[in-house]
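Inspection log for the structure reproduced underneath, given as structure tokens.
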Amino acid sequence: GNESGHKDEL
Amino acid sequence: MNIFRLTGDLSHLAAIVILLLKIWKTRSCAGISGKSQLLFALVFTTRYLDLFTSFISLYNTSMKLIYIACSYATVYLIYMKFKATYDGNHDTFRVEFLVVPVGGLSFLVNHDFSPLEILWTFSIYLESVAILPQLFMISKTGEAETITTHYLFFQGLYRALYLVNWIWRFYFEGFFDLIAVVAGVVQTILYCDFFYLYITKGMSGCALPA
């Protein structure tokens with residue numbers, strides 16, 4: 001999902 | 011985590027360390043835009059506030075802390091320790107022309123209207139244009155030192171690898187973040203002109219586009 005997915009990237 | 015994401019992160023780290031070591035070894039920040047480095051410090055600060063709210067992995071936390079520490083160290087060297095060598099006369103890009111529109115846009119276009127999410131969005135948009143003061147400075151002086159061009163090469167390579175990472179994640183994980191992708195494309199495009207010159211002019215201290 002969009003909401004949590006981007007947080008693992010720097 | 012795929013190979014493009016990992017090499018992207020490592021390119022980003024290489025760029026940051028190259029710049030820090032260059033300034034430290036030469037005891038000079040001539041040719042470096044302090045404004046770009048201030049913007050990058052602001053980018054990392056606003057993006058990594060989730061260090062306080064969520065834990066993803068040891069790798070994730072360590073890299074975030076390293077990026078933040080290195081960007082603040084770079085700003086410290088430019089504006090404090092080696093301030094006498096900072097070429098402020100050529101670092102004349104008006105950063106408010108970036109920060110104000112980017113701030114407005116992050117309020118209007120985001121995944122969720124919450125403080126942390128708006129700050130994350132702000133950092134994504136700001137990062138895409140944070141290199142502009144540096145490119146503007148080089149265009150004014152017409153030349154960049156070899157090591158500065160290596161720095162820019164790894165900054166551009168990092169974003170290009172992230173684009174491949176997002177294509178990979180779209181196909182194999184069904185993951186797609188429109189905000190990050192659009193900003194990432196913009197950011198990568200800014201380096202295209204530079205990439206062309208870097209490769210054709212033999213990767214040395216070359217005259218760069220005006």
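Keeping their order, the protein sequence lines are chains A and B. The first sequence: position 7 = 7 (this note's numbering), numbered continuously. In this note's numbering, each number is its position in the second sequence, counted from 1, plus 10. No residue lacks a Cβ here, since even glycine has one placed at the ideal position from N, Cα and C.
Are the CB atoms of residue j and residue i within a distance shorter than 7 angstroms?
i	j	result
B:Tyr135	B:Ala193	yes
B:Thr198	B:Ala170	yes
B:Ala25	B:Tyr161	yes
B:Phe103	B:Lys45	yes
B:Leu126	B:Leu59	yes
B:Arg57	B:Ser116	no
B:Phe163	B:Tyr208	yes
B:Val191	B:Trp178	no
B:Gln47	B:Ile88	yes
B:Ser81	B:Phe123	no
B:Ser64	B:Leu167	no
B:His100	B:Lys150	yes
B:Ile76	A:Asp8	no
B:Asp203	A:Leu10	no
May I ask which residues mark the beginning and end of the alpha helix (DSSP H) holding residue i?
i	result
B:Tyr206	188-210
B:Tyr168	156-183
B:Arg37	Run containing B:Arg37: none; DSSP gives neither H nor E here.
B:Gly44	44-57
Problem - Complete runs of the alpha helix (DSSP H) confined to the region 86-145 of chain B [at least 4 residues] - result: Entirely contained in the region 86-145 of chain B, the alpha helix (DSSP H) runs reaching 4 residues are, in chain order, 106-118, 125-139.
Handout entry: Near-chain A residues of the region 85-105 of chain B - C-beta to any C-beta below 9 angstroms
Key = Taking 9 angstroms as the Cβ-Cβ cut-off against chain A, none of the residues of the region 85-105 of chain B qualify.
Handout entry: Within 8 angstroms of chain A by C-beta, residues of the region 55-88 of chain B in sequence order
Key = Those would be Asp60, Ser64, Ile66, Ser67, Asn70, Met73, Lys74, Tyr77, in chain order.
Problem - Residues from the region 14-36 of chain B in contact with chain A, defined by Cβ distance under 8 angstroms - result: Within the region 14-36 of chain B, contact with chain A at the beta-carbon level (separation under 8 angstroms) is assigned to Arg15, Asp19, His22.
Handout entry: Stretch-stretch touch, CB-based, cutoff 8 angstroms, three pairs: the region 27-43 of chain B with the region 93-102 of chain B
Key = Contact between the region 27-43 of chain B and the region 93-102 of chain B is present, because at least three Cβ pairs lie under 8 angstroms.
Practice task
Decide yes or no for the touch test of the region 106-115 of chain B against the region 62-76 of chain B: beta carbon pairs closer than 8 angstroms, at least 3 of them.
Solution key: Contact between the region 106-115 of chain B and the region 62-76 of chain B is absent, because fewer than three Cβ pairs lie under 8 angstroms.
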